[in-house]
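Asks:
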DNA sequence: AGCACGATTAACT
DNA sequence: GTTAATCGTGCTC
């Protein structure tokens, strides 16, 4: 179920189609991480970069849930890196993977419980030209279909680690968009060396398309 | 201080 | 299908 969200802009009748929709509030993220991961599909990830708005609908997510989850960075407990995940929900947890790729996560659950949702893919809706530039001329088909590609296309790196996605002036946030009807769920990607049952938990969610469904 | 590893990607064959 | 690129992190000595 989707939360009912503030709708004060919805019925004004004369807004241009570019008008910003309401942002997902902190209470959206302050819930069960698997639920948040599933419900983030179809919502609009927005990056404001040098005053320009880049946006895309979220197409793939993954849940990482607490110290018990041996695929989650919080398995090591509270460290300088995992600090943000222990903080309040609705903040960005961003880290470097393979020495090359920045991964964007959104912190979930209550303050003090370490969990987050990894954004693994988006479908660009605004700022496509700028995304192509950031991606070095890669074909549109592979522009943002992976976690490292999403951050590269949106110009996201460690400088945004820990920022609040739920306040007024922020350069990264998520807007309420269209609910998604058909969702595919499967085990999480890239955790081959993680023990069971965590390796097999079906906490990867993606929108069903002609390609995958 | 040193080491092995990783929530990946792109360019190979 | 295979592999190199590349470095922060957490663990061990």
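Numbering (my numbering), first residue to last: 8 to 220.
Glycine included, C-beta positions come from ideal geometry on N, C-alpha and C.
#1: Do three or more CB pairs link the region 54–68 to the region 109–127 at distances below 8 Å?
#2: Mind pulling the beta strand (DSSP E) runs of 3 or more residues that sit fully within the region 100–159?
#3: Does residue 166 come out as helix, strand or coil in the three-state DSSP assignment?
#4: What whole-angstrom Cβ distance do residue 97 and residue 33 have, given they're in contact under 8 Å?
#5: According to DSSP, is residue 30 part of a helix, a strand, or is it coil?
#6: Straight-line CA distance for residue 41 to residue 87?
#7: For residue 77, I'd like the list of residues in its chain whose CB is within less than 7 Å of its CB, leaving aside the five on either flank, ordered along the chain.
#8: Using a Cβ-Cβ cut-off of 6 Å (strictly less than) and excluding sequence neighbours within five positions of residue 217, which residues of its own chain qualify?
#9: Would you kindly work out how many angstroms separate the C-alpha atoms of residue 73 and residue 132, rounded to a whole number?
#10: Do you know how far the Cα of residue 63 is from the Cα of residue 129?
#11: Just reading off the beta strand (DSSP E) that residue 60 is part of, what are its end residues?
#12: Can you pull the DSSP bridge partners for residue 213?
#13: Taking just the CA atoms, how far does residue 29 sit from residue 22?
Replies: The relevant details are as follows:
#1: yes
#2: 108–114, 122–133
#3: The answer is helix: DSSP assigns residue 166 an H, G or I state.
#4: 4 Å
#5: strand
#6: Computed Cα separation, rounded: 25 Å.
#7: 201, 202, 205.
#8: Contacts found: none.
#9: 33 Å
#10: 5 Å
#11: Start and end: 59–72.
#12: BP columns for residue 213 point to 67, 191.
#13: Model confidence at residue 22 stands at a pLDDT of 35, short of 50, so the residue's coordinates are unreliable; what they give is reported in the following sentence. About 13 Å.
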